[in-house]
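Presented below is the structure to which this report refers.
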Amino acid sequence: MGSERAVGVVTRGTTNPNRLRRMDRWIASAHGPQLRRADDPLAVDLGYGAAPWTAVELLARLRRVRTEAEVVGVEIDQERVAAALPYTREGLSFVRGGFEVPLPGGRRPVLIRAANVLRQYAEDEVPAVWRRLTARLAPGGLLVEGTCDEIGRRHVWVALGPEGPRTVTFATRLGSLQRPSDLAERLPKALIHRNVPGEPVHAFLTAFDRAWAAAAPLSALGARQRWIAAVRTLRADGWPVADGPARWRQGEVTVAWEALAPH
């Protein structure tokens, strides 16, 4: 866990309480069964930033799924690790490190969450980071990597297993949304430069805007009903939506990675 082993660069460190609630809710739902089965229910909050709020909150949310869950916050900046140490308690610890994910005793996490970490990297660096992180997972583990705004109203993330990316999830506070393509500004690094004509993610967001516009009469019933109707249209039009109404009601939609992967 020495400085010579830390792989990566220091991020801006911007963080706020409750910023990652949408991602955490999805993790608890989508990855909850694996967390309950895991021999070692260990999760990593990679690059938690200048304050440890997200690691503290992740532990609380995962313990609603598995009371024995543990979280290790990993930060490449030693001063941030030192600032987090007073928050250490049973099930929550902090270490200095980067993409090598240094864990005591060679433990392998069932979850790595990396939010707002790769935005400052070049797009062509992302696949190698993904491979490095997924190689650290325990069998059945999940990497969740994405980006959100400063207070967590808009968030897009990719879920990956050892075989590579599986899904992309778009999540928003519906009351703040004018059109689904507003989420484009929060696309993760692997996709944000691909939101141009001819690329699948652009086609998806264009189709989503079209479905959203067609569902405008439902606005009288609330943004949630309009969102659900738009997602139903996407599915009917052949987009491989991977979740159902219980998640849509949360202002989410998850799509198979293959449908949005860059050309």
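First residue of the sequence shown: 7, per our numbering; consecutive thereafter. Where a beta carbon is used, it is the ideal one built from N, C-alpha and C, also for glycine.
Residue pairing from DSSP places residue 152 in a beta bridge opposite 121 and 163. With fewer than 16 other Cβ atoms from the protein chains shown falling within 10 Å of its own Cβ, residue 227 counts as exposed. Residue 241 is a Cβ neighbour of residue 247, given a cutoff of 8 Å. Linking residue 100 to residue 91 through their CA atoms gives a straight-line distance of about 6 Å. Nearest C-alpha to residue 25 among 115, 160, 264 and 34: 160. Judged by DSSP in its simplified three-state form, residue 102 adopts strand.
The beta carbon of residue 69 sits closer than 6 Å to the beta carbons of 75 from its chain, once the five residues preceding and following it are set aside; these are given in chain order. When rounded, the separation of the alpha-carbon atoms in residue 114 and residue 250 is 31 Å. At the C-beta level, residue 102 and residue 87 come within 8 Å of one another. The beta carbons of residue 71 and residue 61 sit no closer together than 8 Å. Among the bridge pairs identified by DSSP, residue 51 is matched with 79 and 119. Contact between the stretch 40-52 and the stretch 175-191 is absent: fewer than three C-beta pairs spanning the two stretches fall below 8 Å. Membership of residue 38 in any beta strand (DSSP E) is not indicated; the residue belongs instead to the alpha helix (DSSP H) covering 38-43.
Here residue 171 is buried. Its C-beta has 16 or more other C-beta atoms within 10 Å. The shortest C-alpha to C-alpha distance from residue 89 to any of 188, 104 and 19 is the one to 19. Here DSSP, grouped into helix, strand and coil, assigns residue 258 to strand. Per DSSP, the continuous beta strand (DSSP E) segment holding residue 171 begins and ends at 170-178. With respect to residue 213, residue 243 sits close: the two C-beta atoms are nearer than 8 Å. If you ignore the 5 residues before and after residue 257, its C-beta comes within less than 7 Å of the C-beta of 177, 178, 179, 180 and 233, all in its own chain and listed in chain order.
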